[in-house]
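S.K.: Sharing a structure with you now.
Number of protein chains: 2
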Amino acid sequence: MKGICVFKYILNLASTIYDIAEKAGVSIATVSRVFNQRENVSERTRKKVMDIAEKVGYHPQANAQGLASRKTNTITVVVPVISNYFFMEVLGGIQDKLNSYDYELTIFNISPSKNTFDQVEHVLKRRASEGCLFISIHLEQEEWNLLEKYNIPITLIDEYFDGFDSVSVDNSEGAFRATKYLLDRGLDRVAMLSALITSKPIQSRIKGFKKAYEVTGKKFSNSYIVAGDSTYRDGFTERGGYEAMIKILTINPEIQACFCASDIQAVGALKAMQDMNKSIPIIGYDDIELAEYMGLSTIRQPMRDMGFFATQNLIERIENPKKAVSQTVYTPELILRDSTE
Amino acid sequence: MKGICVFKYILNLASTIYDIAEKAGVSIATVSRVFNQRENVSERTRKKVMDIAEKVGYHPQANAQGLASRKTNTITVVVPVISNYFFMEVLGGIQDKLNSYDYELTIFNISPSKNTFDQVEHVLKRRASEGCLFISIHLEQEEWNLLEKYNIPITLIDEYFDGFDSVSVDNSEGAFRATKYLLDRGLDRVAMLSALITSKPIQSRIKGFKKAYEVTGKKFSNSYIVAGDSTYRDGFTERGGYEAMIKILTINPEIQACFCASDIQAVGALKAMQDMNKSIPIIGYDDIELAEYMGLSTIRQPMRDMGFFATQNLIERIENPKKAVSQTVYTPELILRDSTE
DNA sequence: TATAATAATGAAAGCGCTTACATTTTTCAA
DNA sequence: TTGAAAAATGTAAGCGCTTTCATTATTATA
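Chains V and Z, in that order, are what the protein sequence lines are. Just so it is clear: in the first sequence, position 259 is 259 by our numbering, and no numbers are missing. For our numbering, count along the second sequence from 1 and bump the result up by 1000.
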């Protein structure tokens, strides 16, 4: 015991609420009140407690607080692979919002090698956070149903399920607008530079892509949809775009323009055109900051706004769990720049 | 009480170790053992417990576990602003490493509006994690000293302090190599497209930049160091690069080539050159994936590796706190591409 | 079959905090 | 001054787990 005390003293840490209470000559309840900014503490004792706490570097331990108060003051963001432009921007928006609140941010990264549902369920089961933001997590209807029972506030970003609040962009509409613009310019053979067609956003974008053909009455061919071979990050990479554009330029030279599934792929596509010494108009998707500086026409997704709004929504639900479920769908916007000149 | 029970039943959740123990007809100690994969539990009871847990969706609560075991199984990454290419890549490396371990990842974002030291100290005080990775967190010597007493495993990335393990890149050397390459090509007036000179990496890079002039014996002028006016993200943005290059092209037209402080600024610089219809060789810094596709010559920082290695280092320290402190410095590499052709 | 080992389980004491409720102190009107 | 109301503080019972140590069941050994 003595050993331990000496140890504590030397390292100046690992003190508990009891140590502070004792040194300040008050009860632990008072110390607790001070740290929880309760009103009913006299200024004198508040100062006394804080001074001592300051001196020994004391701060309530997160776990103990969480257990006792049944609150964690933490929001968990669940994402597949963090290093991706879309998530990064959305995360930026989340943080902008969180900056004015007292929540801690935990990021849970879904590992591609394990089952997504199990991992998501694990996050909920642990009850380590007040609420969750799921970014681009796609589950089956019945799986979403199973998650409902955990009764934890959840807001979905870039996904839809009627049991949870959601914030998404109309992917189909975005693809439609881009493609229609190209078709309306008099071009007849516009390609879609796709990523893995198993990916959800790609599926919706393909819908919009086809719809543009229908609406304009132009002849559609499945060969207009082309993807690269690399599957890393579902093909949403510079490389994926490069490969796909090479294909277009060599195998489908009849193609006159191209709608790309993401700006980052468009960058690869641009390079491919340059390497092949050819050039066709292209439109990207996302409007990442780069796009402006690369003169890339694109479909703007309000990524930051989505993160910001979803977070606001989640906080509202945490504070008022009976709030009606809301589905927010943003409409993407066509931004014209050099790449379609 | 009855109400609560019914409630629990309906929602199928919020059960505790006691509920499971009761239903399985064992003690809570046994349930605990099952969930902590202890050896000494018979296969029969293990199965019985797991079946029941599965049915009611039980899983130990993180806080209670943490409090009782004094372990959190969490690693905290502290970053200033998450949405930045460098951090994103480093984070990717961190996650690659963490995927094979059982640690949860918490990201703490330093808010620019509050004092950095206080925020960092807060993270340590809460003791919500086993160890921390600090990415590009720059403090004063004495502040680092103060943090040592918390006795929490910390690995610094992109910063150096002799009390903690650190993983960094020789910024000065990188700038030196880029600049020297340009100077060696026979150019005499090479500029540095800088970001905010208050930023640490910029300071080191300026050193390397000047050293190249010294070594080559060419005449250096302070006017060769130019930055944009926007201060968002310390100027490490496309916009910052654009502004700076416009300045170079208009105010300092004698400049023959340019070393840019980051690839992302180089993107802006490229655009500026295009807009001004001029072109000089440029070299970026970082080698983000984009650089290859934009044909940007650059200084490669092994960002992913740094994250990966730092994480490994941290885990080692968590497992063996007495391990000797190590400082790892990577040497950046010059990658030549079109932008210096 | 008896006994010693060994494996499986349980009882109970915390972990460091919050908080309802009880108690003491202070304030202030009469 | 006095007493009631208000403010400040204390007491103690958890929160849901882990873990030590004691106990019981099982297995192996002679």
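Even glycine gets a Cβ: it sits at the ideal position worked out from N, Cα and C.
What's the C-alpha gap between Gly284 (chain V) and Glu333 (chain V)?
M.R.: Taking the straight line from one Cα to the other gives about 12 Å.
S.K.: Measure the Cβ-Cβ separation of Ala1062 (chain Z) and Leu67 (chain V) and say whether it is below 7 Å.
M.R.: No, they are not a contact pair.
S.K.: Would you tell me roughly how many angstroms separate the C-alpha atoms of Phe1176 (chain Z) and Thr30 (chain V), rounded to the nearest one?
M.R.: Their backbone Cα atoms lie some 58 Å apart in a straight line.
S.K.: Apply the 10 Å Cβ neighbour rule to Lys271 (chain V) and answer buried if 16 or more other Cβ atoms are within range, or exposed otherwise.
M.R.: By the 10 Å Cβ count, Lys271 (chain V) comes out buried.
S.K.: Could you please give the first and the last residue of the uninterrupted beta strand (DSSP E) stretch that includes Ile1109 (chain Z)?
M.R.: Note on residue identity: the sequence assigns Asn, not Ile, to residue 1109 (chain Z). First-last of the beta strand (DSSP E) with Asn1109 (chain Z): 1104-1110.
S.K.: Does any residue of chain Z have a CB that is nearer than 7 Å to the CB of Ala227 (chain V)?
M.R.: Answer no: the Cβ-Cβ gap between Ala227 (chain V) and chain Z never drops below 7 Å.
S.K.: Could you spell out the range, first to last residue, of the beta strand (DSSP E) harbouring Asp1165 (chain Z)?
M.R.: Taken as a continuous stretch (DSSP letters only), the beta strand (DSSP E) holding Asp1165 (chain Z) covers 1165-1169.
S.K.: What did DSSP end up calling Gln256 (chain V) once you bin it into helix, strand or coil?
M.R.: Reduced to three states, the DSSP call for Gln256 (chain V) is coil.
S.K.: So that I know if they touch, is there some Cβ in chain V lying closer than 7 Å to that of Glu1238 (chain Z)?
M.R.: Interface residue, yes.
S.K.: In the DSSP assignment, the alpha helix (DSSP H) including Gln1265 (chain Z) goes from what residue to what residue?
M.R.: Where Gln1265 (chain Z) is concerned, the enclosing alpha helix (DSSP H) stretches over 1263-1276.
S.K.: Give a yes or no on whether 7 Å exceeds the smallest Cβ distance from Ser1111 (chain Z) to chain V.
M.R.: Ser1111 (chain Z) counts as touching chain V.
S.K.: Once you ignore the five residues that flank Gly92 (chain V) on each side, which residues in its own chain have a CB closer than 7 Å to its CB?
M.R.: Arg304, Gly307.
S.K.: Could you work out which residues of chain V lie near Val1169 (chain Z), taking near to mean beta carbons separated by less than 9 Å?
M.R.: Those do not exist, as Val1169 (chain Z) stays about 18 Å from chain V at its closest Cβ, beyond 9 Å.
S.K.: Starting from the C-beta of Lys125 (chain V), find all residues in its chain whose C-beta is less than 8 Å away, skip the five residues before and the five after it, and write them out in chain order.
M.R.: Cβ within range, chain order: Tyr150.
S.K.: Secondary structure at Thr1179 (chain Z), three-state DSSP: helix, strand or coil?
M.R.: DSSP places Thr1179 (chain Z) in helix when its eight states are reduced to three.
S.K.: What does DSSP give as the partner residues of Leu193 (chain V) in its beta bridges?
M.R.: Leu193 (chain V) pairs with V:Val226, V:Cys260.
S.K.: For a contact meaning CB atoms closer than 8 Å, what does Gln1312 (chain Z) contact in chain V?
M.R.: Neighbours of Gln1312 (chain Z) on chain V: none; closest Cβ ~17 Å, over 8 Å.
S.K.: Is the shortest distance between the beta-carbon of Ser83 (chain V) and the beta-carbons of chain Z less than 7 Å?
M.R.: Cβ-Cβ to chain Z under 7 Å: yes for Ser83 (chain V).
S.K.: Please tell me whether Lys55 (chain V) has its Cβ less than 7 Å away from any Cβ of chain Z.
M.R.: It does not: the Cβ of Lys55 (chain V) has no partner Cβ on chain Z nearer than 7 Å.
S.K.: Where does the unbroken alpha helix (DSSP H) through Gly1066 (chain Z) begin, and where does it stop?
M.R.: Element bounds for Gly1066 (chain Z): 1062-1069.
S.K.: Can Leu1314 (chain Z) and Pro1153 (chain Z) be called in contact, C-beta distance under 7 Å?
M.R.: Yes; because the gap between Cβ atoms is below 7 Å, this pair is in contact.
S.K.: Please classify Ser113 (chain V): does DSSP put it in a helix, a strand, or coil?
M.R.: Looking at Ser113 (chain V) - three-state DSSP - the assignment turns out to be coil, as it is neither helix nor strand.
S.K.: By Cβ distance below 6 Å, which residues in the same chain neighbour Phe161 (chain V) in space, the five residues on each side in sequence not counted?
M.R.: So the qualifying residues of the chain are Trp144.
S.K.: Tell me the residue span of the alpha helix (DSSP H) that contains Thr216 (chain V).
M.R.: Start and end: 200-216.
S.K.: Excluding five sequence neighbours on each side, which residues of the same chain lie with their C-beta closer than 6 Å to the C-beta of Ile1017 (chain Z)?
M.R.: Taken in chain order, the residues that qualify are Ile1028, Val1031.
S.K.: Just the C-alpha distance for Glu1089 (chain Z) and Ser83 (chain V), rounded to the nearest angstrom, thanks.
M.R.: Using only the alpha carbons, I get a separation of about 6 Å.
S.K.: Counting contacts by CB-CB distance shorter than 7 Å, is His1059 (chain Z) in contact with chain V?
M.R.: Closer than 7 Å to some Cβ of chain V, the Cβ of His1059 (chain Z) qualifies, so yes.
S.K.: Is the region 290-297 of chain V close to the region 1250-1270 of chain Z, with three or more CB pairs under 8 Å?
M.R.: The region 290-297 of chain V is in contact with the region 1250-1270 of chain Z.
S.K.: Compile a chain-ordered list of the residues in the region 292-309 of chain V whose CB is closer than 9 Å to at least one CB of chain Z.
M.R.: Listed by position, the residues of the region 292-309 of chain V near chain Z (Cβ gap below 9 Å) are Glu292, Tyr293, Met294, Gly295, Arg304.
S.K.: From the DSSP output, read off the bridge partner residues of Ile1135 (chain Z).
M.R.: According to DSSP, which records beta bridges pairwise, Ile1135 (chain Z) is partnered with Z:Ile1157.
S.K.: Taking Leu187 (chain V) as part of the alpha helix (DSSP H), name the residues at either end of that continuous run.
M.R.: Premise fails: Leu187 (chain V) is in no alpha helix (DSSP H) and is neither H nor E.
S.K.: Against chain Z, does Glu289 (chain V) count as a neighbour if the rule is that its beta carbon must be under 7 Å from one of theirs?
M.R.: By this cut-off, Glu289 (chain V) is an interface position.
S.K.: According to the neighbour-count rule (16 or more other Cβ atoms, all chains shown, within 10 Å of its Cβ), is Glu344 (chain V) buried or exposed?
M.R.: Summary: the structure shown does not reach residue 344 (chain V), with chain V confined to residues 1 through 341, and so no result is reported for it.
S.K.: Counting only beta-carbon separations shorter than 7 Å, does Leu1193 (chain Z) have a partner in chain V?
M.R.: Cβ-Cβ to chain V under 7 Å: no for Leu1193 (chain Z).
S.K.: State the beta-bridge partners of Gly57 (chain V) as determined by DSSP.
M.R.: Paired residue(s): none; Gly57 (chain V) is not in a bridge.
S.K.: Closest by CA to Asn252 (chain V), which one among V:Ala24, V:Arg189, V:Thr216?
M.R.: Of the candidates V:Ala24, V:Arg189, V:Thr216, the one whose C-alpha sits nearest the C-alpha of Asn252 (chain V) is V:Arg189.
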